[in-house]
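Undergrad:
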Amino acid sequence: MHRSGRHFLQIPGPSTVPDRVLRAMDMPVIDHRGPDFAELGKAVLTGIRKIFKTTGPVVIFPSSGTGAWEAAIVNVLAPGDRVLMVETGHFATLWRQMAAKFGIEVDFVPGDWRHGVDPAEIEKRLTEDKARAIKAVMVVHNETSTGVTSRIGAVRQAIDRSGHSALLMVDTISGLASADYRHDEWKVDVTVSGSQKGLMLPPGLGFNAISEKALAAAEANPTTRSYWDWRDMLKPNSTGYFPYTPATNLLYGLKEAMAMLEEEGLDQVFARHIRHGEACRAAVRGWGLEVLAKNPAEFSPVLTGVVVPEGHDADAVRRVILEKFDMSLGAGLGKVAGKVFRIGHLGHFNDLMLMGTLAGVEMGLKLAGVPHQAHGVEAAMDVLTRQGVPDQKRAVA
Ligand SMILES: *Cc1c(COP(=O)(O)O)cnc(C)c1O
């Protein structure tokens, strides 16, 4: 079927790639060992630190986010090591399964997929670990399957209060460059991210931001690794090069995306996401439906999970919306499959893109026969046209 106009890609990643970034990638591939490459390499390897808010090294793999998860595990952990993880949702569950495949013993704190990491529980578990057997706390910052953003700053404080020396490893694959994130200030040891969400790039880059403590742990780690070995990356990275062929054109795109983030200002980028999250949740309430996230202090600025009433199929709603309005929404994943759909409001996004998205959802609810009130779009417009009230600056810290 012919479709006119632009497809609405409102899944919470991959997100819409700006034309500026697409044009920046439309370049001849260059020799990654030649003199011109070092300039690009240095620019992105240095520039990306500002996005993670770190002064330490960030390695960039040609990989999906899942690859960067694996890199974090194999560099720091060895089979038989114990770690503490929290069931915030589908992505936390997948990372846990991966750790288990590598022979890591995971203490998995159960969760209801509607809340983030409870800092008090982390403190309790670490305090109880008298033998100091837990090597790392591994949590997901922005749980993309639920629309819940955990308070990593509070998790850090909980770890400090326990006096435990466990490493802190955080997945902010869908949080980086959309939700406030501070690698150094929160003393995160390994931050894992990817290119296709807040960074507004196509899929294909995986990131690890690495603390000195994590580097020391990697040096002492006897586990076999090759492709993901930080040491092999960091050596050539110091002069702007990579140990193997990097995703050169994605790096051109990354340079441009970082320029866009710098022009807008990271704080403005975060405030924009918070405001769109707020307007989107107002729409959900206007429909008389439920937001999956329960705790207002953990509402994600990146995406909103919408609970479909009992007896109705969230995938049927998504199907109608795709067919009729050419818009992709996120499916419910894992335990909430069929019960939830997810609206992405991240990356290269503005007020009218949000209103188009919400209008599509409101029409879809009607066509799919889901009982609702037709006041969602109106409620979101009220939020977006509010005057004299400064944008709520909720610090997820
Ligand atoms: C997208 C995502 C992943 C997986 O990334 P891929 O690039 O699909 O491998 C992992 N964790 C979170 C929180 C994500 O949003």
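Oh and the sequence shown: position 224 is 223 in numbering that gives the first Met the number 0, straight run, nothing missing. Cβ coordinates follow ideal geometry from the N, Cα and C atoms, glycine included.
List in chain order: all unbroken beta strand (DSSP E) runs of 3+ residues lying wholly within the stretch 185-235.
TA: Counting only runs of 3 or more, we get 189-193 and 204-209.
Undergrad: Are there 16 or more other CB atoms within 10 angstroms of the CB of E297, so buried, or fewer, so exposed?
TA: Buried.
Undergrad: Nearest to P78 by alpha carbon, out of L8, K212, R385 and T222?
TA: The residue with the shortest Cα to Cα distance from P78 is T222.
Undergrad: What does the Cβ neighbour count give for Q391, buried or exposed, with the cut at 16 atoms within 10 Å?
TA: Here the model assigns Q391 a pLDDT of 49, short of 50, so the residue's position is not dependable, and the following value carries that caveat. It counts as exposed.
Undergrad: What whole-angstrom Cβ distance do M137 and V57 have, given they're in contact under 8 Å?
TA: Going by Cβ atoms, the distance from M137 to V57 rounds to 18 Å, so no, they are not a contact pair.
Undergrad: Roughly how many whole angstroms lie between the Cα atoms of T303 and H347?
TA: Their backbone Cα atoms lie some 16 Å apart in a straight line.
Undergrad: Just to confirm before moving on: does the CB-CB distance between L44 and Y251 stay below 8 Å?
TA: Not closer than 8 Å, so no.
Undergrad: Given a cut-off of 8 Å on the beta-carbon distance, is the pair G205 and G193 in contact?
TA: Yes, Cβ-Cβ distance for G205 and G193 is below 8 Å.
Undergrad: Across which residues does DSSP place E104 in a beta bridge pair?
TA: Paired residue(s): R81.
Undergrad: Measuring alpha carbon to alpha carbon, tell me which of E120, A98 and F101 ends up nearest V108.
TA: Of the candidates E120, A98 and F101, the one whose C-alpha sits nearest the C-alpha of V108 is E120.
Undergrad: Please classify N349 as buried or exposed, where buried requires at least 16 neighbouring CB atoms within 10 angstroms.
TA: By the 10 Å Cβ count, N349 comes out exposed.
Undergrad: Between A313 and V339, is the Cβ-Cβ spacing less than 8 Å?
TA: Yes, these two residues count as a Cβ contact at 8 Å.
Undergrad: I'd like to know whether the C-beta atoms of S164 and G55 end up nearer to each other than 8 Å.
TA: The answer is no: Cβ separation not under 8 Å.
Undergrad: Would you say the beta carbon of K196 is closer than 7 Å to some non-hydrogen atom of ligand 1?
TA: At least one heavy atom of ligand 1 is nearer than 7 Å to the Cβ of K196, so yes.
Undergrad: Less than 8 Å separating the beta-carbons of L366 and V319?
TA: In contact: L366 and V319 (Cβ atoms closer than 8 Å).
Undergrad: Within the chosen definition, does the stretch 361-375 reach the stretch 253-264 through at least 3 CB pairs nearer than 8 Å?
TA: Too few Cβ pairs lie closer than 8 Å, so no.
Undergrad: Along the chain, where does the alpha helix (DSSP H) containing A422 start, and where does it finish?
TA: Summary: the structure shown does not reach residue 422, with the chain confined to residues 0 through 396, and so no result is reported for it.
Undergrad: So, at 7 Å on beta carbons, what are the nonlocal neighbours of A358 in its own chain, with the 5 sequence-adjacent residues on each side left out?
TA: Closer than 7 Å at Cβ, skipping near neighbours: V376.
Undergrad: According to DSSP, R341 sits in a beta bridge with which residue or residues?
TA: Partner(s): G304 and G329.
Undergrad: Return helix, strand or coil for F36, following the three-state DSSP convention.
TA: Here F36 sits in helix by DSSP.
Undergrad: What are the complete alpha helix (DSSP H) segments, minimum 4 residues, inside the stretch 88-142?
TA: You should have 89-100 and 118-127.
Undergrad: Could you give the first and the last residue of the continuous beta strand (DSSP E) run that contains M26?
TA: That residue, M26, is in no beta strand (DSSP E); it is neither H nor E in DSSP.
Undergrad: Apart from the five residues on each side of it in sequence, which residues of its chain come closer than 8 Å, Cβ to Cβ, to A379?
TA: Contacts found: A278, C279, A281, A282, G285, L353, M354 and L357.
Undergrad: State yes or no: is the C-beta of N220 nearer than 7 Å to some heavy atom of ligand 1?
TA: Outside the cutoff, so no.
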